[in-house]
Amino acid sequence: MNSILPSRAMRSLPIKQVVTHSPELKSFLFEQTFEAEPGQFVMLWIPGLDEKPFSVSDVRDGWIEITAKAVGPFSRALMECQAGDRLGLRGPFGRGFRPRGRGLVVGGGMGIAPLRYLVHWLERDRAPFRVALGARTAAEMMFVGDFSRYGAEFATDDGTLGRQCLVTGLAARLCADESFDVIYGCGPEPMLVALKKLADERGLDCQLSLERHMKCGIGVCGSCCVDGSGLCICREGPVLDKAELDQVADFGLPHRDATGARKPPRT
Amino acid sequence: MNSILPSRAMRSLPIKQVVTHSPELKSFLFEQTFEAEPGQFVMLWIPGLDEKPFSVSDVRDGWIEITAKAVGPFSRALMECQAGDRLGLRGPFGRGFRPRGRGLVVGGGMGIAPLRYLVHWLERDRAPFRVALGARTAAEMMFVGDFSRYGAEFATDDGTLGRQCLVTGLAARLCADESFDVIYGCGPEPMLVALKKLADERGLDCQLSLERHMKCGIGVCGSCCVDGSGLCICREGPVLDKAELDQVADFGLPHRDATGARKPPRT
Amino acid sequence: MNPLAVQIAGIALESPLVLASGVLGTTASSLRRVARAGAGAVTTKSCGRTARPGHPAPCVLPWPGGLINAVGLSNPGVEAELEELAEYRRTCAAPLFVSIFADSPDEFGRLARRVAEAQPDLIEVNVSCPNVESEFGAPFAADPEACGRVTRAVKENAGAVPVSIKLSAQCASLARTAVICRQSGADALTAINTVGPGMWIDVGTGRPALANKVGGVSGPAILPIAVRAVYEIRKAVDLPIIGTGGVSCAEDALQLIMAGADAVGVGSAVYAGGVEVFGEINRGLSAFLKERGFDSLAQVKGLAQREGRA
Amino acid sequence: MNPLAVQIAGIALESPLVLASGVLGTTASSLRRVARAGAGAVTTKSCGRTARPGHPAPCVLPWPGGLINAVGLSNPGVEAELEELAEYRRTCAAPLFVSIFADSPDEFGRLARRVAEAQPDLIEVNVSCPNVESEFGAPFAADPEACGRVTRAVKENAGAVPVSIKLSAQCASLARTAVICRQSGADALTAINTVGPGMWIDVGTGRPALANKVGGVSGPAILPIAVRAVYEIRKAVDLPIIGTGGVSCAEDALQLIMAGADAVGVGSAVYAGGVEVFGEINRGLSAFLKERGFDSLAQVKGLAQREGRA
Ligand SMILES: Cc1cc2nc3c(=O)[nH]c(=O)nc-3n(C[C@H](O)[C@H](O)[C@H](O)COP(=O)(O)OP(=O)(O)OC[C@H]3O[C@@H](n4cnc5c(N)ncnc54)[C@H](O)[C@@H]3O)c2cc1C
Ligand SMILES: Cc1cc2nc3c(=O)[nH]c(=O)nc-3n(C[C@H](O)[C@H](O)[C@H](O)COP(=O)(O)OP(=O)(O)OC[C@H]3O[C@@H](n4cnc5c(N)ncnc54)[C@H](O)[C@@H]3O)c2cc1C
Ligand SMILES: Cc1cc2nc3c(=O)[nH]c(=O)nc-3n(C[C@H](O)[C@H](O)[C@H](O)COP(=O)(O)O)c2cc1C
Ligand SMILES: Cc1cc2nc3c(=O)[nH]c(=O)nc-3n(C[C@H](O)[C@H](O)[C@H](O)COP(=O)(O)O)c2cc1C
Ligand code: FES
Ligand code: FES
């Protein structure tokens, strides 16, 4: 039967190469079996364990790359995976960034991963952009060399790289100094809330990538639906535009866990 | 699901028009929902009764036509059908005639039906051809007016139309007088055997349309397979070429009934 | 008059299309979104007494015939679900069906009582989920008498809220099960749940691709089985039927209606078609009625049950 | 060495692909044609004692998920079938499996005795045809004990000819049925027959499109159910399994083999792919083995049965 795109079905592929940024942060390269736009993600399956969403952090030379950080059982198991191991890859899922005009690219923490592919894409399209990235500390700042080539500005909580401030501080200053059409953002939701506010104040468009608990990746199970509009982050997201963000009732609020219940507010 | 062509699935259509050649011989016109080549057939379903194969006797102006003769329970029930009645139509099935060069078109009895569409097709392609048709008696000769326009010659057993001889006699004479590349034939199998012999003797190609008991029309059930090569008349036929005919072990012999058993020889 | 309007168990639906349980059915927001996209009613994902995270992923996979899933009855528990229900009620008028599952008739009864207090339009009783075989579902759906016991327990507790029993095509005898459900007080039947179970193996690793190994098969692949099931049930009982299984276009929905369904569940089609599929099927149904000169769906319901020619 | 060669019940096959019963399986000529197209063995359409014309048409219909059929066990009767068998033998070396059906264990025994005299390579016992519900099939496949009785009756009469029992996914418990068949002497199991039954309604007329109204569902739509069935049977018994259902490409065949099948039946795929599909699947299987560095199919058989990670 061939009524669906084969790439959307489960398909295992051997890891072609593992790039170790640190023992807790690695990139995994696979043969590229489908097209993907920046901001789109794949569901990555470790057979016998679980399957989780990961953004495409680059596509080049017929390879597709994802970059993961060890934060829990799944991502720690992923750190053990070697070239040659077969993992399942389904995708590409969701809607990514839709480049337009002069862009301000703002990332925080693991949210930097998809932005790497975004800037490569923007460069290829000769679209003008500036980059501001934040992390807790220098060791956690991903792809510093790569982003530096584009004149990225950095912010860390501890001042070990770039300025000692929040990345939203960098973004605000850049917006004051230069003119932009759109803010592209990916990172912790409080950061996104601040970017949305900034964009609203400045009258800029914004495209922000959200995270919600994902199970199916294909807009069916409902576990990733935002409150308010009910859009599926896996399908209509993860990147939402301004109008869509206005309809996210739980934007910046605690969202739902694997049972579908709202998580208690973080303390 | 859309993995197969919709036209191959069962689809009922209202009869658009009934043309009464005689109470026992009628043509039925339907909206044309698929392309068909001369020699191809459809499976015609009378809901609540049965489904049987019928050749496409013409395609024109967005209409598709089949022509049937009352010979048994099914075809008699068909004679009762009126414009507006919905019948099931699946098709087109099988491989039809593949026109090449100068053709001699030879038909007998109900075998004349698909040849009508064939000559319209040949005329459109400006391919040169002659036609010889046979029937038991004038009243059973179909489409006389239409074929006369192409200078067809007629033969009847009782001499009520054209010559009083077998149509194979006409064919032999035409072959003696004129030169042809191919004989197209449809009609009773003894006639086809004679045409095959004629073609062999004259060194002509031939394309003859065979009948076998059909159930599925799609090359699965096996009820229409010829002995020898095992080809399905519903799928690789009904029109076979010379090389294919050479591999039909039961060509001209009694063939199989609905159980799959060989019928006893006719007496 | 709206030619697509139907009634089931006294509930008026603007469209015969009902969002099937388990698809975009956990939150008030997603249910509302589907109602606005054209569903005549929406069904929540089945909920139980307490929260369950369900099986690990992969738990829903597309395959060429549709989906295969072993979500494992993940749900936030009945209390959280009732909050969603209240929120839905405040913001959306389309009828809401609440699906419940449990592991004993008593437990079904208790759950039904709690849910009925919140006054949903209908309680759907999931006795047929194949994904938690030893825990829930299998024993009931496979055993007509057990379906009867569950039905009675729910009806005794549901008060005025109508109850639909969701049957499986794997029922030993669908006709007998339907009759027993009716005798036990069911107001409607939903048929069918997923089929199988099935298994999809990733040939690259040689591993079952679902974490749960097996899962329920749904989507286009199961349409003929759903049509047959509805046909069989309609022959056996005169209860309203929410015919469900494999519907992704108006023709599919018509097959179920002609087999005897009063309303039509749509679940997996959301994968290929998005929530927009509800509007598209509605438009297709309207076009069919208009083209064939019917005034309402009631005129085509059960057509396939006729015998003989003509 | 031919990497696709397999053995089942002592029979050597050049390819694991077996023409499934009921497809192009009535005459020596069509069976031979399929063997030449690349099938490792061919199975005849099920035959009974006497000739049956089967149901009126439409009796086989394509639908988007595959086929739906109610051929109704048409067959020329065992004597005519044995003539075909002899002719096949004279002209083709690929193993021939003869499928039989009957309405009682005794009748199955008598038929097996007659067929065994003609020395086919294997007798396949169709206890699972869903299309003649009240006459044949349903009672046996649905009841594990009945499957055992049929198996014993056939084995007592088949002499040295190996016997495969063809099971249905609708078996109450496939694992239990498999165990009972094994204990009753079965040399192999074939799984599965068609699924359902299903119904396809022509919405133009509102009529079931099959003359028999319901029919067995086969083709791509049933692959996950066949894979699960083979997996379940392989867990339960160590008999050779002819895994059948929904195979139309090498990946599909590999799913069944990884679930635990020794050989792979192919039927409905002939509709979309013609008899050429056998050669294509063979080439796909060879390419897979080569690419992954396996020497034979034995190395991938049952891979999906492993537990845990890695
Ligand atoms: C669209 C999207 C893109 C992502 N891209 C990346 C990426 O490029 N790199 C990366 O390292 N991480 C990415 N993540 C997050 C990644 O999926 C989680 O970090 C990972 O699943 C953690 O699993 P764990 O078992 O290691 O940790 P756990 O301890 O299970 O979880 C840690 C945290 O990860 C998140 N998480 C866990 N499971 C899921 C799930 N099923 N769906 C969504 N979030 C979950 C939750 O916030 C949770 O609190 C992305 C998530 C989403 C939704
Ligand atoms: C490829 C093909 C094209 C045909 N085209 C035409 C046509 O254009 N016009 C026309 O009038 N007839 C055509 N026929 C024959 C037509 O199918 C039969 O005449 C019709 O089925 C008779 O059915 P009945 O119940 O009226 O008669 P019956 O008494 O059932 O049968 C009369 C004769 O029709 C033939 N027949 C019956 N059933 C079948 C079947 N399922 N498959 C094949 N042959 C059958 C047999 O030779 C039988 O002896 C065609 C047959 C084939 C195989
Ligand atoms: C992802 C998924 C989850 C489901 N969860 C439930 C459930 O919780 N309760 C239930 O009764 N049915 C559940 N079902 C079954 C559907 O409600 C429906 O009966 C079945 O999928 C057939 O319809 P479809 O082919 O339109 O999807 C689920 C189906 C899918 C695909
Ligand atoms: C037209 C048709 C006729 C069939 N006839 C028989 C039969 O006579 N005996 C039998 O055991 N199985 C019969 N089957 C079932 C097949 O052998 C096979 O088990 C089933 O179709 C699943 O395989 P598939 O998806 O490859 O077709 C038939 C299937 C079809 C499609
Ligand atoms: S993850 Fe299932 S709907 Fe988005
Ligand atoms: S009619 Fe069935 S194979 Fe030709």
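Protein chains in written order, with numbering that gives the first Met the number 0: chain A, 0 to 266; chain B, 0 to 266; chain C, 0 to 309; chain D, 0 to 309. C-beta: ideal position from N, C-alpha, C; glycine also. No experiment lies behind these values; they were computed from the predicted model shown.
Residue i versus residue j - alpha carbon distance
i: D/Gly-37; j: D/Ala-159; result: 27 angstroms
i: A/Ile-232; j: B/Ser-11; result: 43 angstroms
i: A/Gly-267; j: D/Leu-60; result: Since the first residue of chain A shown is 0 and the last is 266, residue 267 of chain A is not available in this structure.
i: D/Val-276; j: D/Val-299; result: 22 angstroms
i: A/Asp-256; j: C/Ser-29; result: 16 angstroms
i: C/Gly-64; j: D/Gly-273; result: 21 angstroms
i: D/Met-0; j: D/Phe-293; result: 13 angstroms
i: D/Ile-10; j: D/Leu-188; result: 14 angstroms
i: A/Pro-72; j: C/Val-213; result: 24 angstroms
i: B/Arg-261; j: B/His-254; result: 5 angstroms
i: A/Gly-106; j: C/Asp-120; result: 46 angstroms
i: D/Ala-210; j: C/Leu-81; result: 48 angstroms
i: D/Asp-105; j: D/Leu-84; result: 23 angstroms
i: B/Asp-156; j: C/Glu-306; result: 45 angstroms
i: C/Thr-26; j: A/Gly-229; result: 8 angstroms
i: A/Leu-103; j: D/Gly-278; result: 56 angstroms
i: C/Leu-12; j: B/Trp-44; result: 36 angstroms
i: B/Ala-138; j: B/Glu-235; result: 33 angstroms
Residues that residue i bridges to, as DSSP identifies them
i: A/Thr-155; result: A/Ala-134
i: A/Leu-12; result: A/Leu-86
i: A/Leu-207; result: A/Gly-184, A/Leu-239
i: A/Glu-122; result: According to DSSP, A/Glu-122 bridges with nothing at all.
i: C/Thr-243; result: C/Gly-264
i: C/Pro-61; result: C/Leu-66
i: A/Ile-63; result: A/Phe-29, A/Val-58
Bounding residues of the beta strand (DSSP E) (the contiguous stretch that carries residue i)
i: A/His-20; result: 16-21
i: C/Thr-25; result: Per DSSP, C/Thr-25 belongs to no beta strand (DSSP E) and is neither H nor E.
i: A/Tyr-183; result: 181-185
i: A/Leu-283; result: Coverage of chain A is limited to positions 0 through 266, which leaves residue 283 of chain A absent and any answer about it impossible.
Sub-8 angstroms separation of residue i and residue j beta-carbons
i: A/Ala-112; j: A/Ser-74; result: no
i: B/Trp-62; j: B/Lys-15; result: yes
i: D/Ile-280; j: D/Val-269; result: no
i: D/Ala-145; j: D/Leu-166; result: no
Residue i burial status per 10 Å Cβ neighbour count (16 or more: buried)
i: B/Pro-127; result: exposed
i: D/Gly-71; result: buried
i: C/Ala-157; result: buried
i: B/Ser-2; result: Per-residue confidence for B/Ser-2 stands at a pLDDT of 42, beneath the threshold of 50, marking its modelled position as unreliable; the derived number appears in the next sentence. Buried.
i: C/Ala-228; result: buried
i: D/Pro-196; result: buried
i: A/Asp-60; result: exposed
i: B/Ala-175; result: exposed
i: A/Arg-135; result: exposed
i: B/Gln-206; result: buried
Residue i, enclosing alpha helix (DSSP H) - first and last residue
i: C/Arg-148; result: 143-157
i: C/Val-77; result: 77-90
i: C/Ala-40; result: From DSSP, C/Ala-40 is part of no alpha helix (DSSP H) but of the beta strand (DSSP E) over 40-42.
i: C/Gly-283; result: 275-291
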